[in-house]
Every structure is written in C-alpha cells, then in structure tokens.
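Report on one structure; see the data block that follows.
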Amino acid sequence: MFSCSVHAQIEFVSTGETGLALKHRVSKKYSMAFLLRSRYTIYKDENLAYSQNQIHLIHFSTFNFNYSHSLSLGLEYRNQEMFDAGLNEIRVSEQFNYIKQKRGVRYGHRVRAEQRFIETQTIFRQRYRFAVDFPVNGEKLDVGEAYLIFSTEFLWSFTKNIKPFYEQRLTPQIGWQVSNDLKLQGGLDYRAIEMLSRKPEHNLFLLTTAIFKI
Numbered sequence: 005m006f007s008c009s010v011h012a013q014i015e016f017v018s019t020g021e022t023g024l025a026l027k028h029r030v031s032k033k034y035s036m037a038f039l040l041r042s043r044y045t046i047y048k049d050e051n052l053a054y055s056q057n058q059i060h061l062i063h064f065s066t067f068n069f070n071y072s073h074s075l076s077l078g079l080e081y082r083n084q085e086m087f088d089a090g091l092n093e094i095r096v097s098e099q100f101n102y103i104k105q106k107r108g109v110r111y112g113h114r115v116r117a118e119q120r121f122i123e124t125q126t127i128f129r130q131r132y133r134f135a136v137d138f139p140v141n142g143e144k145l146d147v148g149e150a151y152l153i154f155s156t157e158f159l160w161s162f163t164k165n166i167k168p169f170y171e172q173r174l175t176p177q178i179g180w181q182v183s184n185d186l187k188l189q190g191g192l193d194y195r196a197i198e199m200l201s202r203k204p205e206h207n208l209f210l211l212t213t214a215i216f217k218i
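Just so it is clear: in the sequence shown, position 198 is 202 by our numbering, and no numbers are missing.
This is the structure in structure tokens:
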C-alpha cells in the first residue's frame, strides 16, 4: 500500500484510525457532533503487526455565526490504559472556523487551542489547519458522487519542565456522498514530530471514517 525509506536514527510507525461521526443540526445557529475513534498500530520496528492502542470519545458543540464563521467547544476522553499503551487523557478544545467557497471549491481555515490533562500534567497545544475540498465532478456534490480533501496542519505543544515540540500533518482523503445522510471517507495522514530532546518521529496514518447526519 505504501513504501518508505528512512535513516536509522528516524523512527517510522504506521497506524490505522477508524472513526464514526454522528452530526446533528439542532437549529440554524447550533449543531453538535459525537465521534468515536479507534487507533491501532499496523507497522512498527520494520514489521507488520496489529496492536490496539487507544479509543477516543469526542463531543463538539458548534455555534454558527453565518456560513463562513463558526465557534466550537470540544470535550474528549482518550483511553490508553485499557490497552497498556499509555496514560488516559481528558482534552478540552476551543476552535474557530472560517470557510470560503468559490466555484465549487471550499477553503477552510481552522484555529484550535487544546488543554490536555494527563494525570497531574497539563499540555497546552495550539493548532492551525488549512484545508481544501471539492467535488470530483462539477461544482456541486450530489448523492453517489466522490469528493477530495487536502489539508495541512501545524501543531505546537508545550508544558512545564518539558521543551516545546512541533508537529506537521499532511492529509489527503477521498470521500463518497453515499446518501443525503451518509458520507464515507478514506485517506492518509502523514505526521512528522520534532522534539528537541528526542529523535524525530514519523507516523503514517491510514484513515477510514463514516459520517452520519441524524
């Protein structure tokens, strides 16, 4: 499915992430989303091997000012201790979205601040993402048609007594509008993490997601 050549001092891991999203528009101004994600390793130490790492339970409430501007608040619980893969985490998010559409192409800017609570430690993470999505055929997405999504995101994390670390993500995906209420998406998410006190980490995610409107 993919190949990668890396130097010995660089760690490379491939991870799968399967997601289920339920979205509901309560009113013109308010919508909510519930997400369940499962993450598992499929390639590590130069070997193909499956191991479950974590599950995520996520909620987002979004307040829409108009088509272009919205503000979201999120709460996430990540469980790793169940799989002996690390510590559990509670995450709080504040997010601002700006969307502009021109001739069927939608451009999205997202700024997000996160507070990650892991036992007695709090990690502060700032994120900026730029995304472009558009139908494969024509300027309007109809049922049964495919669409493409390309995004890049920069993340900066810092906490007390630990030097800041940085992450760059590149994510191409393809989606299908199966029905008015169901979308299926799949793609890759390449992540490069730079830490001043550790070796660089490179991770390739295989993404699969089902999105339901309820």
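Ideal Cβ placement from N, Cα and C applies to all residues, glycine included. Keep in mind that this is a model prediction, so the values were computed, not measured.
Nearest in C-alpha terms to I94, of all of E85, L26, F100, L208, is E85.
In the DSSP assignment, the residues bridged to S155 are A135, T175. Runs of the beta strand (DSSP E) lying entirely within the segment 83-135, each at least 3 residues long, are 93-106, 109-122 in chain order. Under the three-state reduction of DSSP, P168 is assigned to strand. Looking at the DSSP output, L75 bridges to F67, F100.
Per DSSP, the continuous beta strand (DSSP E) segment holding I215 begins and ends at 205-217.
For V147, the three-state secondary structure derived from DSSP is coil. Secondary structure at D193: strand, using DSSP grouped into helix, strand and coil. Ranked by Cα distance from N83, the options E157, L152, S97, Q58 are led by Q58.
Taking a C-beta distance under 9 Å as the contact criterion, Q99 and L77 qualify as a contact pair. Under the three-state reduction of DSSP, V17 is assigned to strand. At the C-beta level, N207 and S31 stay beyond 9 Å of one another. Between E198 and F169 a beta carbon distance of about 6 Å is seen, short of the 8 Å cut, so the two are scored as contacting.
Separation of the CB atoms of F134 and S155 is rounded to 7 Å, and the pair is thereby assigned contact status at 8 Å. DSSP places K187 within a strand segment (E or B) once states are collapsed to three. With a beta-carbon spacing of about 11 Å, G179 and T212 fall beyond the 8 Å limit used to define contacts. In this structure, the beta-carbon distance from V96 to D137 does not fall below 9 Å.
With respect to L186, I215 sits close: the two C-beta atoms are nearer than 9 Å. I62 is bridged by DSSP to L39, E80. DSSP, reduced to helix, strand and coil, places G142 outside both helices and strands of the structure shown, so it counts as coil. Collapsing the DSSP output to three states places S31 in coil.
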